[in-house]
Each structure stands twice: as C-alpha cells, then as structure tokens.
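Okay, so the sequence shown: first residue is 93 according to our numbering, each after it adds one.
Every residue gets a Cβ at the ideal spot worked out from N, C-alpha and C, and that includes glycine.
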Amino acid sequence: MTVSFNLPQHIEQDLRLDLGDLDQTAKESTLVELFRQGKLSHGAFAEALGISRYEADGVLKRYNVTEDLLTLEEFQAETAALRKLLGE
C-alpha cells in the first residue's frame with residue numbers, strides 16, 4: 093500500500109534535513125501510532141517494518157512506547173488479589 097501527502101516544499105526540505113528519510117519516518121510514525129492504539133500486534137508491527145521483533149522493540153523505545161504495562165486499575169486489582177491470597 094502506498095500512502096502519500098503533500099507538504100509545502102520549504103517544510104519538506106527542513107524535515108529532510110532534520111530527519112533524513114522522511115518516507116521511513118512517516119511509515120514508522122504511522123505504524124507506531126497504530127501499535128499504540130492496539131490496532132497492530134507486536135509481531136505485525138515488526139513485519140510491517142520488515143524487521144525482527146527485537147529490532148521492533150528498539151523502534152518502539154525510540155518513540156517512548158512500552159507494552160505490557162498495567163493500567164492503574166489492573167495494578168490495583170492484581171495487588172488486591174495478591175493480598176487476598178496472602179491473607180492480608
């Protein structure tokens with residue numbers, strides 16, 4: 093699939109100077125956001141970028157994305173369940 097959009101030439105030039113490969117940056121950014129929204133699994137994310145799952149972790153880290161972190165509610169529920177098991 094090909095996705096394209098137009099940028100004013102001066103903005104494109106500035107971004108290319110700063111980011112280098114704009115096409116790759118746009119692709120990564122889009123896929124990272126889809127992963128963040130839960131629309132792509134870790135494996136699909138890596139496959140879409142044509143890299144290993146280990147390399148995908150590096151890409152996600154660059155974008156400050158972590159996975160498998162509990163929400164506050166999940167953490168509290170797990171803590172309560174553990175306390176109940178321990179008889180506290």
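(Q) Can you find the residues in the same chain that come closer than 6 angstroms, C-beta to C-beta, to residue 140, ignoring five residues on each side of it along the sequence? (A) Start at 1 with the first residue of the sequence shown, and residue 140 comes out as number 48. Closer than 6 angstroms at the Cβ level, and outside the excluded window around residue 140, lie 123.
Q | Cβ-based burial, residue 127 [other Cβ within 10 Å; buried from 16] | A | Taking the sequence shown and counting its residues from 1, the one referred to as residue 127 is at position 35. Looking at its Cβ environment, which holds 16 or more other Cβ atoms inside 10 Å, residue 127 is buried.
Q: Could you check if residue 169 is buried or exposed, using at least 16 other CB atoms within 10 Å of its CB as the buried criterion?
A: In the sequence shown, the residue the question calls residue 169 occupies position 77. That one is exposed.
Q: Go ahead and pull the three-state DSSP assignment for residue 129.
A: Position 37 of the sequence shown holds residue 129. Residue 129 falls in the coil class under three-state DSSP.
**Q.** Reference residue 119, options 110, 156 and 138, closest by Cα
**A.** As a working mapping, residue 119 is identified with position 27 in the sequence shown. Nearest of 110, 156 and 138 to residue 119, Cα basis: 138.
Q) DSSP on residue 174, reduced to helix/strand/coil? A) Your numbering for residue 174 matches position 82 in the sequence shown. The answer is helix: DSSP assigns residue 174 an H, G or I state.
Q) Within 10 angstroms of its Cβ, does residue 177 collect 16 or more other Cβ (buried), or is it exposed? A) Taking the first residue of the sequence shown as 1, we reach residue 177 at position 85. Residue 177 is exposed by the Cβ-count criterion.
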